[in-house]
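Under the working numbering, the first residue of the sequence shown carries the number 480, and numbering increases by one thereafter.
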Amino acid sequence: MAQRTKILTLLREKSVGAQVVLMGWVRTKREGKNVTFINLNDGSTIKNIQIVVESGQFEDSLMAGITTGASLRVSGTIIQSEGAGQDIEVTASQIELLGAADPEQFPLQPKRHSLEFLREIAHLRPRTNTFSAVLRVRHAMIFAVHDFFNKKGFVNIHTPIITGSDAEGAGEMFRVTTLDPKSPPLNEDGEVDYKEDFFGKETNLTVSGQLEGELAASALSEIYTFGPTFRAENSNTTRHLAEFWMMEPEMAFYDLNDNMDLAEELLKALIKYGLENCQDDLEFLNKRALDEDKQKPQHERSELSLIEKLQFVTDNDFERITYTEAFDILRNSKPNKKKKFQFPVDEWGVDLQSEHERFLVEKHFKKPVIIYDYPAKIKAFYMRQNEDGKTVGAMDVLFPGIGEIVGGSQREERYDKLLSRVKELGIHEESLWWYLEIRKFGSVPHSGFGLGFERFVQFMTGMNNIRDVIPFPRTPGSAEF
Ligand code: 4AD
Ligand code: MG
480 MAQRTKILTL LREKSVGAQV VLMGWVRTKR EGKNVTFINL NDGSTIKNIQ IVVESGQFED
540 SLMAGITTGA SLRVSGTIIQ SEGAGQDIEV TASQIELLGA ADPEQFPLQP KRHSLEFLRE
600 IAHLRPRTNT FSAVLRVRHA MIFAVHDFFN KKGFVNIHTP IITGSDAEGA GEMFRVTTLD
660 PKSPPLNEDG EVDYKEDFFG KETNLTVSGQ LEGELAASAL SEIYTFGPTF RAENSNTTRH
720 LAEFWMMEPE MAFYDLNDNM DLAEELLKAL IKYGLENCQD DLEFLNKRAL DEDKQKPQHE
780 RSELSLIEKL QFVTDNDFER ITYTEAFDIL RNSKPNKKKK FQFPVDEWGV DLQSEHERFL
840 VEKHFKKPVI IYDYPAKIKA FYMRQNEDGK TVGAMDVLFP GIGEIVGGSQ REERYDKLLS
900 RVKELGIHEE SLWWYLEIRK FGSVPHSGFG LGFERFVQFM TGMNNIRDVI PFPRTPGSAE
960 F
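This is the structure we're talking about:
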């Protein structure tokens, strides 16, 4: 059997006259008087290849089976195209129908479908231009993450997915158990006895790999994790998933400034990689975003196109301000004074909501913003306590259209300070003994952050809803596929 050529390779490397075997799915078929044109796509590129068939060349029954969605194996010769829109096409010498797609039932038509509709057929949506482009960009970004850290000498660590701790202390965890829900074993107090459970204790799906990442950084200096994380928060927003991927670098000997520098460098490097390596897909997504924008009222349209936004981020320094500076800007802002914010900004210490973050990024600074030194009471227990006794060395990176894309901090490396914080918050100390103990043996200043991978892919692709940048989204009430 002749070797299969992928369409991407064909377009890049093969020249007129070459014999090729193609395999892929039919996008469209157009029957002319003397010839039929079949547009074939195999997912290697957003581009299709046009297959040319002479009338009467193949059996009518074969030609009838070639409908949108059907899979084909085509042998043929590359020729110069006479039609507009492509340089080359393939004249078929042989076609095999691998799998038909009954046109009465196949839900995808060669036209634009709504993203909501496509979510209901997530098993087929990778067959669309938009999703295949998003998935290829997503892949490129995964590769770019590993490339970035590998070049810097960071060690990739697989942190556990099943854990016994709540890294963020937010209590938004999915329980992991093998106990029978109908009749679980009970202890003397009549409560479920998790000693009888699979791990002999209560366990859950991890909300972050950070705590274990810190252990590894306390030996290897610079590490990163990149894995799935799970949060049972009941937020049905365009930026929240119950299962999402996070990359979390953790660095010994880094202070908060070093941490911010690394986050900015990483984000710029990933975007640059995308601009250089995903041109066809980004051009498609750019056009898609422009079309979508045209549907909006004038004042809601973005000033920059997707590609311009990406270039803007790589070309400009991020603004860095403290929480207190951000608070002052917000308190004195027009929307706050005119009571346009859903959550008013009146008292120092309030948590910043996405409406505030987006105001700062999109209206005030008009560029990515890093806010640091947050009030301790709105941040996690492990963050380093500042001298002022009120704030911690936290930092969030805020992006246009997204809000918070990175959350991180310098960690509290002082045993006593960490322990008193743990006690103050009523955190189950015993489950964290190992995390505390690492502060006793060669403890070092260290820092890290988490980049929400889907939020980043949203920014990279211009997709508005986070459900549209992950192949199979998990959200409240939805775990089909
Ligand atoms: O700010 P978060 O909660 O920080 C942590 O989990 C730290 N342990 C990270 C660290 O310092 N190693 O989450 C980090 C990022 C957020 O900025 C956001 O981009 C993303 O993860 N994120 C979500 N993405 C999608 N769906 C959700 N439900 C998310 N929750 C957080
Ligand atoms: Mg956060």
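Even glycine gets a Cβ: it sits at the ideal position worked out from N, Cα and C.
On a predicted model such as this, the values are computed, not experimentally measured, just so you know.
The DSSP-derived three-state label of V634 is strand. Annotation note: the segment 796 to 848 contains the following uninterrupted alpha helix (DSSP H) runs of length 4 or greater, listed N- to C-terminal: 802 to 810, 813 to 816 and 833 to 837.
If the five residues before and after W827 are omitted, its C-beta is found closer than 8 Å to the C-beta atoms of T803, F806 and P854, all from its own chain and listed in chain order. Remark: fewer than three beta-carbon pairs, one from each stretch, lie closer than 8 Å, so the segment 620 to 639 and the segment 581 to 599 are not flagged as touching.
Looking at W504, G905, L898 and V871, the one whose alpha-carbon comes closest to that of L603 is W504.
Taking a C-beta distance under 8 Å as the contact criterion, F705 and M726 qualify as a contact pair.
Every residue whose Cβ sits closer than 7 Å to any heavy atom of the ligand MG is listed here in chain order: D875, E883 and G886.
With the rule of 3 Cβ pairs closer than 8 Å, the segment 674 to 692 counts as touching the segment 631 to 638.
It is roughly 45 Å from the alpha-carbon of V499 to the alpha-carbon of F878. The Cβ neighbour count for Q758, taken over all protein chains shown within 10 Å, is under 16; the residue is labelled exposed. Per DSSP, the unbroken alpha helix (DSSP H) holding G692 starts and ends at Q689 to L699. Nearest in C-alpha terms to V829, of all of E755, L809, K813 and P847, is L809. Listed in chain order, the non-local C-beta contacts of V923 below 8 Å within the same chain comprise S697, A731, F732 and E892, local neighbours out to five positions each way being set aside.
In this structure, T793 places its C-beta atom within 8 Å of the C-beta atom of I750.
Here DSSP, grouped into helix, strand and coil, assigns I567 to strand. A distance criterion of 7 Å places the beta-carbon of S888 in contact range of the ligand 4AD, judged by its closest non-hydrogen atom. I530 has I517 and V569 as its beta-bridge partners, per DSSP. Relative to the ligand 4AD, the beta carbon of M939 is positioned no closer than 7 Å to any heavy atom.
With fewer than 16 other CB atoms across the displayed protein chains lying within 10 angstroms of its CB, W912 is exposed. Each of A543, G555 and S540 was checked against the Cα of Q529, and the nearest Cα belongs to G555. Set against 7 Å, the gap from the CB of F928 to the closest heavy atom of the ligand 4AD is smaller.
For a cut-off of 8 Å, the C-beta gap from Q889 to L769 is around 41 Å, too long to register as a contact. Separation of the CB atoms of I567 and I557 is rounded to 5 Å, and the pair is thereby assigned contact status at 8 Å. Taking the Cα of P605 as reference, the smallest distance to any Cα among E755, R780, R506 and L904 is reached at R506. Linking V532 to G544 through their CA atoms gives a straight-line distance of about 14 Å. G941 sits away from L746, with the two beta carbons spaced by 8 Å or more.
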